[in-house]
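Novice:
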Amino acid sequence: MRYEVDSVEVTQTAVRMRATIAAVEAEVSSMMGQLTALQSSWSGAASSAFAALAQEWKATQTQVETNLTNITEALDQVASEYASVEDLAVQTFSGS
Numbered sequence: 008m009r010y011e012v013d014s015v016e017v018t019q020t021a022v023r024m025r026a027t028i029a030a031v032e033a034e035v036s037s038m039m040g041q042l043t044a045l046q047s048s049w050s051g052a053a054s055s056a057f058a059a060l061a062q063e064w065k066a067t068q069t070q071v072e073t074n075l076t077n078i079t080e081a082l083d084q085v086a087s088e089y090a091s092v093e094d095l096a097v098q099t100f101s102g103s
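FYI, in the numbering used here the residues of the sequence shown are 8 to 103.
Printed below as a string of C-alpha cells:
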C-alpha cells in the first residue's frame, strides 16, 4: 500500500476549519437573536409553530457544528500521528 500525506496541510486545514466553525457559530447566534426578537413580537398559533421550527433548526445546526468539530479534532489527531511516524522513520534511518 502506498500513500502520501502532507501533515502540515492537514493541520492547516484543521486550523481553517476551526475559523470557519467560529464564523458559522457567530452567524447562527446572530440569526437566532433575530428569530427570538421576532418571536417576542408575535403571538398566536403561527408564532408557536414558528418557535418550534426555529428550535428544531437550532438543534440540527448544533449537530452540524458538533460534527464539524469532530472532523477538525480527527484531522488534528491524524496530522500529529503522520508527523510522528515520519519523525520515527527519519530517526530510524539516521541511526538516532
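Glycine is no exception: its CB is placed at the ideal position from the N, C-alpha and C atoms.
None of these values were measured; they are calculated from a predicted model.
Do the segment 17–24 and the segment 74–89 make contact, defined as three or more Cβ pairs closer than 8 angstroms?
Specialist: Yes: the two stretches touch, three or more of their Cβ pairs being nearer than 8 angstroms.
Novice: Return yes when at least one heavy atom of the ligand ZN lies under 6 angstroms from the C-beta of S101, else no.
Specialist: Ligands in the displayed structure: none, and consequently the ligand ZN is not present.
Novice: What span of residues does the alpha helix (DSSP H) with D94 cover, start to end?
Specialist: Within the sequence shown, residue 94 is the residue found at index 87, counting from 1. D94 -> alpha helix (DSSP H) spans A52 to S101.
Novice: With three or more beta-carbon pairs closer than 8 angstroms as the criterion, would you say the segment 49–57 touches the segment 24–37?
Specialist: Too few Cβ pairs lie closer than 8 angstroms, so no.
Novice: Anyone know if the C-beta pair for Q68 and V35 falls short of 7 angstroms?
Specialist: Here residue 68 corresponds to residue number 61 of the sequence shown, with the count starting at 1. Here residue 35 corresponds to residue number 28 of the sequence shown, with the count starting at 1. Yes. Within cutoff.
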